[in-house]
Amino acid sequence: MLFNSFSFALFLPVVFFIYWFIANRNLKIQNSFLLIASYYFYSCWDWRFLFLLMFSTLLDFYTGIKMSEADNQQRKRVWFLLSIIVNLGFLGFFKYYNFFTETFAEALSNLGLNVNPWVLNIILPVGISFYTFHGLSYVIDVYNNKITAERNFVDYAVFVSFFPLLVAGPIERATHLLPQIKRKRVFNYNQAVDGLRQILWGLFKKVVIADNCADYANLIFNNSSHYPGSVLLLGAIFFAFQIYGDFSGYSDIALGTARLFGIELLRNFSFPYFSRDIAEFWRRWHISLSSWFRDYLYIPLGGSKGGTWKKIRNTFIIFIVSGFWHGANWTFIAWGALNAIYFLPLMLTNRNRNNMEIVAQGRILPAPQELISMIITFGLTVLAWVFFRAENMEHALSYFSGIFSLSLLTVPKGSDFISTAIAPAPMFCLLAFFNIIEWIGRAQPYAIANIGTGWHRLLRWAFYSFIIVLMGVYMKTDESPFIYFQF
Amino acid sequence: MLFVVFAIPVYLVSVLLWGWRFPQSFKPNIKYVKGGYGYTFSRLKEIKQLDKGVDILFLGSSHAYRGFDPRNFPGMKTFNLGSNSQTPIQTDLLLQRYLDKVTPKMIIYEVFPNGFCIDGVESALDIISNDKNDIGSVIMAFKINDIPTYNTLIYSSWCEALHLYNSFSEPVRKQKFNDTYIRGGYVEKDLQQFSDTCCEPAKQWEFRREQIKAFEKTVTRIKTKKIELVLVYAPVTSSFYHSYINNQAFDSLMNTYNVSYYNFNELMHLNDSLDFYDKHHLNRDGVAAFNKELKHHLK
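Top to bottom, those sequences are chains A and B. Numbering of the first sequence is given in the numbering used here, commencing with residue 54 and proceeding in unit increments. Numbering of the second sequence is given in the numbering used here, commencing with residue 39 and proceeding in unit increments.
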């Protein structure tokens, strides 16, 4: 059941109604209902993997209790390691088994030993990377005495499985979400309206921007050998908007949906393409994952403390692991490594915390220096996305060689995009509209959060209706899944 | 709630303005094409002007309106109500609208398995753009449940209400497609032969439940009127036909309705290159041979 599907459009109001008007008598019933709805939502993909989710939830819940009851540190550590090994074991098996066997066999064949890798036809359970990280953060926090172990299974299970965040995040922390689940929620009209507004903008980003950019990006990446460098560069830019529209659109829908149920989730995106350097970009892109790695990997490794060599090592580890988290492919590792290379000069010269505030705050337009910095940063991320989107390393490298050739100077022709659903002219108009709105709303939690709040109600409604009209006229009609579901 | 009341009329008016003022490239989800490929406009205009019933009514996809030539059925009054990619959902709608007007003695329904496997959007857009819309169009749109279909229906309804395309007329000859409209609903393509006769990859038909349901409704509708019904699977190139590994499943399905069913891909042999102009459309020579064979079976 996708957020951009008719089935979700039916599911959401039904759950909303029961949640606020039938199951609201006491918190226990409300949370139990939320858990049932979340499990139903998940089972719509593949009910068999529901058992895996339940097992993982049960394991972490039980481990938490056992760790808090342990009478010595050694016993606590045993339970902790058990949870970590089992969680990462499942993740490793479902996500990385074939990658490691094939890589191992390839390495052996390079040494002259030919073996047939025992490749399995493994289906990746949707959301496994996300709910595993939810569980891990909880177990690590309990182990480090940052939180006390949860003793109500339903509440804990809702924390792991709450349907808006179950399949693609944001990756929540027990310290943030569990107290909200344990607290009685009261329906707040303004919060619900805000949630609906965020859902509207998220849907626009997904069905209009991401899906139509995907049309262009897929066409260009799938036929990259036939296109000149200028078109290949456009393809990478389209992919940059596709992945941003897709994932931040998903996150907006998730946050908006959670808000309908009186729950605030962690923010996942903060206008990353308006960043002035890569460090700022990473503070604004997939924030819940970046902060997860920062808290549970980078800082335990020593963070930016220690000598230069240690700083470099830690930076590379966090970026490469982050890349590898996305998928079992060398392209993701290369994407992570390239971002580490981008990041290192800033960190080594202590300029990685230069741009902490919002760009051009209080002004309509950025200063020339800010504009140039944003364009350079965007350009660097676009180049890195080539690795992310390419089928394999060979494809990525040939794509780069295509971009960095004399054909980069040719002017793209309209006939290059003859098979796309939307012609280039309206596509560029849509991207311009999207970026203008994002720019106007860059100081807000999401772009249209405050747009029109001072206007007459009819004008504000006309603006929202206009977004709906754009969706109706330009949305792609096939329900395409979100990119991050595969992670 | 109030916002919904506000947004619905805004949306309806916006679709009109968008569809009316913008070029097609700026309105990908409003697919209003009057008199497009396939002459649906001319065909539906002609059927509205029929003053008496017909002997044979042909139904089906482009295989019907390009495969049954009224000139090959001398002495009989025929009408061809085929349309682009017509699926059972659209067939049923057209029959609901025109069956009582044409009162045929026999219906020859060209059944192409593909029509049972697709959503019917293309055909729905064709009919919505070229026929008068009624509650049947709305029900069809809900069955298909597709944004371009809804938008096109809204726009088409506005056009009818505001008489925007009343002066439209469709040329009999379309040079761009080498097509000529022949009275009685047939479309004749200039003689061409099919050159690309390479092998097709193996695949199978996957029938949709809603299409089978609509087909059953149509069969019942025809039987209730006591009209003789003949189901025909028109010839396609043998390379195309044999690329589907479950043709027998379709034959079995058609044989369950207790009406005459002829699969001409099994009953006659045509040459893929000489008798077709593409992989599943007969050329003029192929049509003549097919119609002759059909008449032979009808006797």
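We put the CB at the ideal spot given by N, CA and C, even for glycine.
Give the single residue among the options whose Cα lies nearest to the Cα of residue i.
{"i": "K264 (chain B)", "options": "B:K317, B:L312 and B:V297", "result": "B:V297"}
{"i": "L106 (chain A)", "options": "A:T185, A:V68, A:L397 and A:L87", "result": "A:T185"}
{"i": "P47 (chain B)", "options": "A:F519, A:T530 and A:A62", "result": "A:F519"}
{"i": "A45 (chain B)", "options": "A:M528, A:D531, A:L511 and A:V526", "result": "A:L511"}
{"i": "T530 (chain A)", "options": "B:L163, B:G76, B:S100 and B:N67", "result": "B:N67"}
{"i": "L285 (chain A)", "options": "A:L461, A:C266 and A:L401", "result": "A:L461"}
{"i": "L253 (chain A)", "options": "A:T463, A:F56 and A:A476", "result": "A:F56"}
{"i": "R226 (chain A)", "options": "A:G248, A:F102, A:L189 and A:E333", "result": "A:L189"}
{"i": "I493 (chain A)", "options": "A:A476, A:I428, A:V464 and A:P419", "result": "A:P419"}
{"i": "V149 (chain B)", "options": "B:Y70, B:L163 and B:Y103", "result": "B:Y103"}
{"i": "I316 (chain A)", "options": "A:W73, A:F59, A:A62 and A:F61", "result": "A:W73"}
{"i": "F114 (chain A)", "options": "A:Y191, A:R238, A:I290 and A:R250", "result": "A:Y191"}
{"i": "I85 (chain B)", "options": "B:V42, B:V71, B:K115 and B:Y49", "result": "B:K115"}
{"i": "S58 (chain A)", "options": "B:D184, B:L40, B:Y299 and B:A240", "result": "B:D184"}
{"i": "S96 (chain A)", "options": "A:L219, A:F212 and A:N167", "result": "A:L219"}
Does the Cβ-Cβ distance between residue i and residue j come in under 8 Å?
{"i": "N408 (chain A)", "j": "R329 (chain A)", "result": "yes"}
{"i": "Y349 (chain A)", "j": "I371 (chain A)", "result": "no"}
{"i": "F232 (chain B)", "j": "C155 (chain B)", "result": "no"}
{"i": "L133 (chain B)", "j": "T262 (chain B)", "result": "no"}
{"i": "T116 (chain A)", "j": "S136 (chain A)", "result": "yes"}
{"i": "L267 (chain B)", "j": "Y147 (chain B)", "result": "yes"}
{"i": "N321 (chain A)", "j": "S344 (chain A)", "result": "no"}
{"i": "A500 (chain A)", "j": "I490 (chain A)", "result": "yes"}
{"i": "K235 (chain A)", "j": "S182 (chain A)", "result": "no"}
{"i": "N301 (chain B)", "j": "V274 (chain B)", "result": "no"}
{"i": "I165 (chain B)", "j": "S123 (chain B)", "result": "no"}
{"i": "Y136 (chain B)", "j": "K227 (chain B)", "result": "no"}
{"i": "V260 (chain A)", "j": "M528 (chain A)", "result": "yes"}
{"i": "L319 (chain A)", "j": "P217 (chain A)", "result": "no"}
{"i": "M82 (chain A)", "j": "A76 (chain A)", "result": "Strictly speaking, residue 82 (chain A) in this sequence is Ile, with Met absent from that position. Yes, these two residues count as a Cβ contact at 8 Å."}
{"i": "D169 (chain B)", "j": "L82 (chain B)", "result": "yes"}
{"i": "F292 (chain A)", "j": "W438 (chain A)", "result": "yes"}
{"i": "S195 (chain B)", "j": "A478 (chain A)", "result": "no"}
{"i": "S80 (chain B)", "j": "E160 (chain B)", "result": "no"}
{"i": "A326 (chain B)", "j": "L308 (chain B)", "result": "no"}
{"i": "M120 (chain A)", "j": "F108 (chain A)", "result": "no"}
{"i": "I283 (chain B)", "j": "I145 (chain B)", "result": "no"}
{"i": "Y280 (chain A)", "j": "I273 (chain A)", "result": "yes"}
{"i": "K50 (chain A)", "j": "L141 (chain A)", "result": "The shown model of chain A, from 54 to 540, leaves out residue 50 (chain A), and the question about it has no answer."}
{"i": "F457 (chain A)", "j": "T384 (chain A)", "result": "no"}
{"i": "V412 (chain A)", "j": "M427 (chain A)", "result": "yes"}
What are the residues that DSSP puts in a beta bridge with residue i?
{"i": "Y25 (chain A)", "result": "Not covered by the structure: residue 25 (chain A). The range shown for chain A is 54 to 540."}
{"i": "M144 (chain B)", "result": "B:I94 and B:E266"}
{"i": "T218 (chain B)", "result": "B:R211 and B:E226"}
{"i": "D316 (chain B)", "result": "B:H319"}
{"i": "Y299 (chain B)", "result": "B:L269"}
{"i": "Y282 (chain B)", "result": "B:K241"}
Comparing the CB of residue i with every heavy atom of the ligand ATP, is any distance shorter than 7 Å?
{"i": "N265 (chain A)", "result": "You won't find the ligand ATP in this model; it holds no ligand whatsoever."}
May I ask which residues mark the beginning and end of the alpha helix (DSSP H) holding residue i?
{"i": "D13 (chain A)", "result": "The structure shown does not extend to residue 13 (chain A), since chain A is modelled only from 54 to 540, so the question has no answer here."}
{"i": "T116 (chain B)", "result": "Per DSSP, T116 (chain B) belongs to no alpha helix (DSSP H); it is in the beta strand (DSSP E), T116 to N118."}
{"i": "T110 (chain A)", "result": "R101 to E122"}
{"i": "A390 (chain A)", "result": "W383 to L401"}
{"i": "Q244 (chain A)", "result": "Y242 to L256"}
{"i": "N197 (chain A)", "result": "Neither: N197 (chain A) is in no alpha helix (DSSP H) and is coded neither H nor E."}
{"i": "M178 (chain B)", "result": "I173 to I182"}
{"i": "D268 (chain A)", "result": "D264 to N275"}
{"i": "V213 (chain A)", "result": "F206 to S214"}
{"i": "K358 (chain A)", "result": "Careful: K358 (chain A) lies outside any alpha helix (DSSP H) and carries neither H nor E."}
{"i": "P479 (chain A)", "result": "P477 to I493"}
Does the beta carbon of residue i sit closer than 8 Å to a beta carbon anywhere in chain D?
{"i": "I521 (chain A)", "result": "Protein chains A and B are contained in the structure displayed, whereas chain D is not."}
Checklist line | contact_flag[the stretch 181 to 197 of chain B, the stretch 48 to 63 of chain B] where n(CB pairs < 8 Å) is 3 or more | finding: Yes: the two stretches touch, three or more of their Cβ pairs being nearer than 8 Å.
Item checked: Stretch-stretch touch, CB-based, cutoff 8 Å, three pairs: the stretch 247 to 255 of chain B with the stretch 271 to 290 of chain B -> Cβ pair count under 8 Å is below three, so no.
Notebook entry, point to check: Are the stretch 458 to 470 of chain A and the stretch 362 to 371 of chain A touching by the rule of at least three beta carbon pairs closer than 8 Å?
Noted result: They do not touch, by the three-pair rule.
Next item on the list: Take every Cβ of the stretch 291 to 306 of chain A, pair it with every Cβ of the stretch 244 to 264 of chain A, and state whether three or more of those distances are shorter than 8 Å.
Entry: Enough Cβ pairs lie closer than 8 Å, so yes.
Notebook entry, point to check: Quick one: any contact between the stretch 440 to 450 of chain A and the stretch 303 to 314 of chain A, if contact means 3 or more CB pairs under 8 Å?
Noted result: Judged by Cβ distances under 8 Å, the stretch 440 to 450 of chain A makes no contact with the stretch 303 to 314 of chain A, as fewer than three pairs qualify.
Check: Is the stretch 227 to 241 of chain A in contact with the stretch 196 to 204 of chain A, if contact means three or more CB pairs nearer than 8 Å?
Finding: Between the stretch 227 to 241 of chain A and the stretch 196 to 204 of chain A there are three or more inter-stretch CB-CB distances shorter than 8 Å, so the stretches are counted as touching.
Item checked: Segment contact, 8 Å Cβ cut-off, at least three pairs: the stretch 380 to 399 of chain A with the stretch 353 to 361 of chain A -> Here the stretch 380 to 399 of chain A does not lie against the stretch 353 to 361 of chain A, with fewer than 3 beta-carbon pairs under 8 Å apart.
Notebook entry, point to check: Counting pairs of beta carbons, one from the stretch 310 to 328 of chain B and one from the stretch 86 to 96 of chain B, are three or more of them closer than 8 Å?
Noted result: Counting Cβ pairs under 8 Å, fewer than three are found: no touch.
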